[in-house]
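Numbering (the UniProt record's numbering), first residue to last: 1 to 352.
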């Protein structure tokens with residue numbers, strides 16, 4: 001075993017591993033011109049294969065998730081009883097054997113993804129995972145450098161007819177976390193980096209800093225939370241608002257110079273065209289304390305608003321953001337879309 005290990009490490013940088021598959025096929029094809037019968041060399045194949053027009057891919061993923069090998073040249077194995085003087089045959093045997101074994105191991109580890117073709121099923125698998133299963137299945141030598149060499153120089157064709165490197169099926173942490181973040185955003189499209197951090201831990205058991213989340217968002221072009229507007233409904237913003245509080249001195253004192261979009265909320269629900277809700281006003285400000293203090297003292301943007309504030313108990317909630325004006329516009333647009341009208345005390349209705 002040690003001799004095999006040393007030999008494989010010695011050929012680690014051998015050019016065969018770095019050939020494109022088309023070049024490798026041509027190389028093997030030239031070898032096959034040799035008269036093997038005279039040398040008592042037998043040719044066998046590691047698996048069944050098809051005859052494909054795709055020369056740069058070793059295999060394709062079928063609709064049922066199975067792997068279909070495309071060329072005999074990647075599966076060929078030369079059998080000889082005596083020591084072979086043709087070094088290329090041994091090199092081909094080793095390359096084909098190790099590549100085949102690695103593909104089979106990865107196929108098992110990523111079977112759920114290969115069947116579903118859904119990124120949420122793509123698992124993080126480490127080189128240790130590969131080595132452990134490889135030892136169980138084949139009980140032969142494999143090393144981390146060889147794994148890296150093969151996965152970075154082997155192409156395959158997926159079910160969507162995309163050409164990908166085998167390394168795609170051995171994703172790094174960043175990419176796996178990107179998939180999880182993308183899934184969370186499909187549920188909470190307005191999530192902050194802090195919320196993404198909390199949801200990753202709660203849903204997936206992944207602990208990651210907001211700095212890393214920002215780097216992932218930047219690397220994979222995930223827009224920030226104020227650029228993700230989808231046709232959904234106003235209630236999706238519930239997750240981002242603070243807990244409602246009574247409009248009182250004690251409850252507003254800590255919000256000096258805090259920029260935010262906010263809601264004013266009544267005790268009783270208001271009926272709008274499509275539905276009813278307690279929300280009566282949507283606004284924004286660069287100083288939440290100052291604005292709420294004005295409302296507390298009976299000041300408002302219209303006579304209707306001042307009258308309502310004077311005669312009713314009011315609550316408030318907010319979303320802290322530097323983009324408060326933009327967020328106010330989004331909230332109003334989504335409110336109208338969902339409820340069929342402006343909030344009761346916003347400008348258009350406040351004049352009534």
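C-beta atoms are modelled at their ideal positions from N, C-alpha and C, and glycine is treated no differently.
A quick note: this is a predicted structure, and the numbers were derived from the prediction, not measured.
Going by beta-carbon coordinates alone, are residue 316 and residue 219 separated by less than 8 Å?
The count along the chain shown starts at 1 and reaches residue 316 at position 316. The count along the chain shown starts at 1 and reaches residue 219 at position 219. Their beta carbons are not under 8 Å apart, which means residue 316 does not touch residue 219 by this criterion.
Beta-carbon separation of residue 101 and residue 73 under 8 Å?
Start at 1 with the first residue of the chain shown, and residue 101 comes out as number 101. Start at 1 with the first residue of the chain shown, and residue 73 comes out as number 73. Not a contact, by the Cβ cut-off of 8 Å.
Out of curiosity, what's the CA-to-CA distance linking residue 280 and residue 341?
For the purposes of this step, residue 280 is taken as the residue at position 280 of the chain shown. For the purposes of this step, residue 341 is taken as the residue at position 341 of the chain shown. Residue 280 and residue 341: Cα-Cα distance of roughly 11 Å.
Where residue 202 sits in the DSSP three-state scheme
Mapped onto the chain shown, residue 202 falls at position 202. Correct three-state label for residue 202: helix.
Apart from the five residues just before and just after residue 278, which ones in its own chain have a Cβ nearer than 6 Å to its Cβ?
The count along the chain shown starts at 1 and reaches residue 278 at position 278. Closer than 6 Å at Cβ, skipping near neighbours: 265, 266 and 269.
Entirely within the stretch 98-134 and at least 4 residues each: give me those alpha helix (DSSP H) ranges in chain order.
If we require 4 residues or more, the alpha helix (DSSP H) runs fully inside the stretch 98-134 come out as 111-116.
Measure the C-alpha to C-alpha separation of residue 344 and residue 263 and round it to an integer number of angstroms.
Counted from its first residue, the chain shown places residue 344 at position 344. Counted from its first residue, the chain shown places residue 263 at position 263. Looking at the two C-alpha atoms, the distance is approximately 11 Å.
Tell me where the beta strand (DSSP E) around residue 68 begins and ends.
Taking the first residue of the chain shown as position 1, residue 68 is located at position 68. Unbroken beta strand (DSSP E) run through residue 68: 67-69.
Starting from residue 315, follow its DSSP beta bridges and name the residues at the other end.
On the chain shown, residue 315 is found 315 positions in, with the first residue counted as 1. Answer is 246 and 265.
Can you tell me the Cβ-Cβ gap for residue 109 and residue 123, rounded? I've got them flagged as a contact below 8 Å.
On the chain shown, residue 109 is found 109 positions in, with the first residue counted as 1. On the chain shown, residue 123 is found 123 positions in, with the first residue counted as 1. With 8 Å as the limit, residue 109 and residue 123 qualify as a contact, their Cβ atoms being about 7 Å apart.
Pairing CB atoms from the stretch 302-309 with CB atoms from the stretch 209-218, are three or more of them under 8 Å?
No, the stretch 302-309 does not touch the stretch 209-218.
Distance, Cα to Cα, residue 230 vs residue 237?
The residue given as residue 230 occupies position 230 in the chain shown. The residue given as residue 237 occupies position 237 in the chain shown. A caution first: residue 230 carries a pLDDT of 43, below 50, which makes its placement in the model unreliable, though a value can still be read off. Straight-line Cα distance between these residues: approximately 12 Å.
For residue 15, which residues of its own chain have a beta-carbon under 8 Å away from its beta-carbon, when the five flanking residues on both sides are left out?
The residue given as residue 15 occupies position 15 in the chain shown. Scanning its chain for C-beta atoms nearer than 8 Å, with the 5 sequence neighbours on each side dropped, one finds no residue around residue 15.
My output table needs one value for residue 55: the three-state DSSP class, helix, strand or coil.
For the purposes of this step, residue 55 is taken as the residue at position 55 of the chain shown. Here residue 55 sits in coil by DSSP.
According to DSSP, which residues form a beta bridge with residue 43?
Translated into the one-based positions of the chain shown, residue 43 becomes position 43. Answer by DSSP bridge pairing, in chain order: 78.
What's the call for residue 145, buried or exposed, on a 16-neighbour Cβ count within 10 Å?
Working through the chain shown from its first residue, we reach residue 145 at position 145. Around the CB of residue 145, fewer than 16 other CB atoms lie within 10 Å, so the residue is classed as exposed.
Close beta carbons around residue 151, own chain, < 6 Å, minus the five adjacent residues each side
Sequence index remark: in the chain shown, residue 151 carries index 151 (1-based). For residue 151, where only same-chain residues beyond five positions count, the Cβ hits under 6 Å are 166, 167 and 170.
So for residue 330, helix, strand or coil by DSSP?
The residue labelled residue 330 in the question sits at position 330 within the chain shown. It is helical.
Check the C-beta distance from residue 258 over to residue 157 and give it rounded, since I have them as a contact under 8 Å.
By one-based count along the chain shown, residue 258 stands at place 258. By one-based count along the chain shown, residue 157 stands at place 157. For a cut-off of 8 Å, the C-beta gap from residue 258 to residue 157 is around 54 Å, too long to register as a contact.
I'd like to confirm the pairing. Which residues does DSSP put opposite residue 191 in its beta bridges?
Within the chain shown, residue 191 is the residue found at index 191, counting from 1. Looking at the DSSP output, residue 191 shares a beta bridge with no other residue.
Cβ of residue 61 within 7 Å of any heavy atom in the ligand ATP?
In the structure shown, the ligand ATP is absent, as is every other ligand, since no ligand is present at all.
Do you know how far the Cα of residue 273 is from the Cα of residue 234?
Within the chain shown, the letter at position 234 stands for residue 234. Within the chain shown, the letter at position 273 stands for residue 273. Whole-angstrom Cα-Cα distance: 14 Å.
For residue 261 and residue 181, what's the separation of their Cα atoms in angstroms?
Along the chain shown, read from residue 1 onward, the residue named residue 261 stands at position 261. Along the chain shown, read from residue 1 onward, the residue named residue 181 stands at position 181. When rounded, the distance between both Cα atoms is 25 Å.
Roughly how many whole angstroms lie between the Cα atoms of residue 54 and residue 186?
The residue labelled residue 54 in the question sits at position 54 within the chain shown. The residue labelled residue 186 in the question sits at position 186 within the chain shown. One C-alpha to the other measures close to 36 Å.
For the candidate residues 93, 155, 286 and 117, whose alpha-carbon lies nearest to that of residue 66?
Counting from 1 along the chain shown, the entry for residue 66 is found at position 66. Of the candidates 93, 155, 286 and 117, the one whose C-alpha sits nearest the C-alpha of residue 66 is 117.
Under 8 Å between C-beta atoms of residue 120 and residue 183:
To locate residue 120, count along the chain shown from 1; it is residue 120. To locate residue 183, count along the chain shown from 1; it is residue 183. Yes, they are a contact pair.
Could you pull the DSSP bridge partners for residue 155 from this structure?
Looking up residue 155 in the chain shown gives position 155. DSSP lists 165 as partners of residue 155.
Chain-order list of residues whose beta-carbon lies under 7 Å from that of residue 201 (same chain, five-residue window excluded):
As a position in the chain shown, residue 201 is number 201, starting the count at 1. Result list for residue 201: 207, in chain order.
Compute the Euclidean distance between the alpha carbons of residue 90 and residue 155, then round it to the nearest angstrom.
In the chain shown, residue 90 corresponds to position 90, counting from 1. In the chain shown, residue 155 corresponds to position 155, counting from 1. Going by the C-alpha atoms only, they are around 23 Å apart.
Less than 8 Å separating the beta-carbons of residue 284 and residue 328?
On the chain shown, position 284 is the one that residue 284 refers to. On the chain shown, position 328 is the one that residue 328 refers to. A contact, by the Cβ cut-off of 8 Å.
Report the residue from 114, 43 and 113 whose alpha carbon sits nearest the alpha carbon of residue 80.
For the purposes of this step, residue 80 is taken as the residue at position 80 of the chain shown. The residue with the shortest Cα to Cα distance from residue 80 is 43.
If you check the beta carbons only, do residue 296 and residue 252 fall under 8 Å apart?
Working through the chain shown from its first residue, we reach residue 296 at position 296. Working through the chain shown from its first residue, we reach residue 252 at position 252. Against a cut-off of 8 Å, the Cβ pair of residue 252 and residue 296 comes out as a contact.
Which of the three DSSP states is assigned to residue 150 in this structure?
Here residue 150 refers to the residue found at position 150 of the chain shown. It is helical.
Considering only DSSP beta bridges, list what residue 271 is partnered with.
As a working mapping, residue 271 is identified with position 271 in the chain shown. Bridge partners of residue 271: 276.
Apply the 10 Å Cβ neighbour rule to residue 105 and answer buried if 16 or more other Cβ atoms are within range, or exposed otherwise.
Looking up residue 105 in the chain shown gives position 105. Flag for residue 105 reads buried.
In whole angstroms, what is the alpha-carbon distance linking residue 197 and residue 339?
Within the chain shown, numbered from 1, the residue matching residue 197 stands at position 197. Within the chain shown, numbered from 1, the residue matching residue 339 stands at position 339. Near 31 Å, if we compare the C-alpha coordinates of residue 339 and residue 197.
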